[in-house]
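To start, the structure itself, in structure tokens.
Numbering (full-length UniProt numbering), first residue to last: 1 to 353.
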């Protein structure tokens with residue numbers, strides 16, 4: 001609950017109610033309708049409109065306390081709109097009405113939420129302003145809450161407000177949402193045991209569910225044995241079909257039959273990163289050619305609901321090309337705690353910066 005300033009505060013002045021149009025109320029005003037209503041008819045910070053004068057007079061008000069601000073002072077409800085406008089980038093919208101001085105920023109469409117963490121930190125180092133957001137690189141849906149900002153005092157100095165908005169604008173965008181691209185995805189399921197019919201594949205359903213959630217469909221699925229030449233040939237065939245993303249499953253460990261990694265490298269991917277600082281998902285592969293991205297998903301994807309695949313897929317679909325450093329930075333928060341009930345993404349897994 002916010003503190004009410006004492007009516008004798010120097011920012012207040014008393015005016016006749018009929019002269020208050022356009023002025024800002026300095027405190028809440030309670031209305032009582034016997035047996036029907038008791039509550040705030042007007043709240044601190046409300047601007048008095050012409051149509052409010054008669055109601056105020058019916059409430060017995062002859063004089064009002066209003067804020068007496070000069071050009072160097074800005075009320076919190078006006079200041080917060082300037083802060084939100086400076087912080088919000090593409091895909092980030094904000095509410096039309098402050099609540100207790102705060103303004104919420106939310107996603108305008110589904111995508112990957114990105115935060116300039118360094119800029120946000122510097123913003124919060126300034127006096128009399130604050131902003132808190134959810135983690136960067138979080139997949140969000142339209143309408144999801146992303147951040148909230150406010151001025152700390154009821155009235156903020158114009159110079160401090162300008163300093164905060166200038167910092168945010170210089171780092172534009174501090175907050176943004178990148179749309180997920182409807183990538184052309186093809187899947188290669190690799191393993192002698194699946195190819196020979198000894199076990200039934202379960203990877204296809206898992207991959208299709210996770211890609212569909214982000215707005216993309218798997219266009220083609222092929223089951224292959226652990227054969228280097230056949231895997232390489234199939235990957236090249238996928239690349240020739242203008243595939244944006246190839247996903248391979250299985251064959252990523254150090255067993256003698258696991259040849260997926262070598263097959264990917266032989267197919268023409270010259271920028272290949274093998275291993276990640278994430279568990280489950282240490283033996284993940286991520287590679288690039290000039291036109292195509294490839295992911296090698298290890299067998300952990302069958303047994304764990306959430307893995308490295310869930311962290312990297314949204315970033316690739318949002319147009320990123322994570323490399324070795326990005327995979328390494330996942331070390332902070334990269335250990336899944338294997339909770340009895342998985343709550344990802346509403347947990348710490350993958351929330352590195």
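Don't be surprised by glycine CBs; every beta carbon is placed ideally from N, CA and C. Note that the structure is a prediction, hence the values are computed from the model and not measured.
- When the five nearest sequence neighbours on each side are left out, the beta carbons in the same chain lying within less than 7 Å of the beta carbon of residue 219 are those of 184, 185 and 186, in order along the chain.
- Shown here, residue 53 sits in a helix according to DSSP, grouped into three states.
- Taking each of 284, 331 and 127 in turn and checking the Cα distance to residue 254, the smallest one comes out for 284.
- With respect to the 8 Å criterion, residue 84 and residue 64 are not classified as neighbours on the basis of their beta carbons.
- Residue environment analysis places residue 298 among the buried positions, since at least 16 neighbouring C-beta atoms fall within 10 angstroms of its C-beta.
- Counted as a single uninterrupted DSSP element, the beta strand (DSSP E) harbouring residue 64 occupies residues 63-67.
- When DSSP states are grouped into helix, strand and coil, residue 309 belongs to the helix group.
- A distance below 8 Å separates the beta carbons of residue 264 and residue 248.
- In the DSSP assignment, the residues bridged to residue 140 are 111.
- Residue 39 is bridged by DSSP to 31.
- Ranked by Cα distance from residue 80, the first of 62, 294 and 128 is 128.
- Scanning 78, 90 and 17 for the CA closest to the CA of residue 55 turns up 17.
- The Cβ atoms of residue 190 and residue 251 sit closer than 8 Å to each other.
- Per the DSSP secondary-structure output, residue 93 pairs in a beta bridge with 106.
- Between the alpha carbons of residue 14 and residue 59 lies a distance of about 17 Å.
- Going by DSSP, residue 301 is part of the alpha helix (DSSP H) stretching over 300-303.
- Measuring C-alpha to C-alpha distances from residue 227 to each of 267, 192 and 108 identifies 192 as the nearest.
- Cβ contact annotation for residue 31 (same chain, cutoff 6 Å, sequence separation greater than five): 41 and 59, in chain order.
- The closest CA to that of residue 139, considering only 91, 95, 47 and 259, is found on 91.
- Between residue 171 and residue 116, the CB-CB gap stays under 8 Å.
- When DSSP reads this structure, residue 220 sits in a beta bridge with 186.
- The beta-bridge partner set that DSSP reports for residue 148 consists of 104 and 132.
- Residue 175 has its alpha-carbon roughly 25 Å from the corresponding atom of residue 157.
- The DSSP-derived three-state label of residue 335 is strand.
- Here residue 308 is buried, its C-beta having at least 16 other C-beta atoms within 10 Å.
- Taking a C-beta distance under 8 Å as the contact criterion, residue 333 and residue 352 qualify as a contact pair.
- By the neighbour-count criterion, in which 16 or more other beta carbons inside 10 Å mark a residue as buried, residue 76 falls on the buried side.
- Under the three-state reduction of DSSP, residue 117 is assigned to helix.
- Going by beta carbons, residue 236 and residue 188 fall outside the 8 Å limit.
- One alpha carbon belongs to residue 162, the other to residue 153, and they sit about 15 Å apart.
- Between the region 305-319 and the region 328-345 there are three or more inter-stretch CB-CB distances shorter than 8 Å, so the stretches are counted as touching.
- DSSP places residue 266 in the helix class (H, G or I) of the three-state scheme.
- Here residue 88 is near residue 94, since their CB atoms are less than 8 Å apart.
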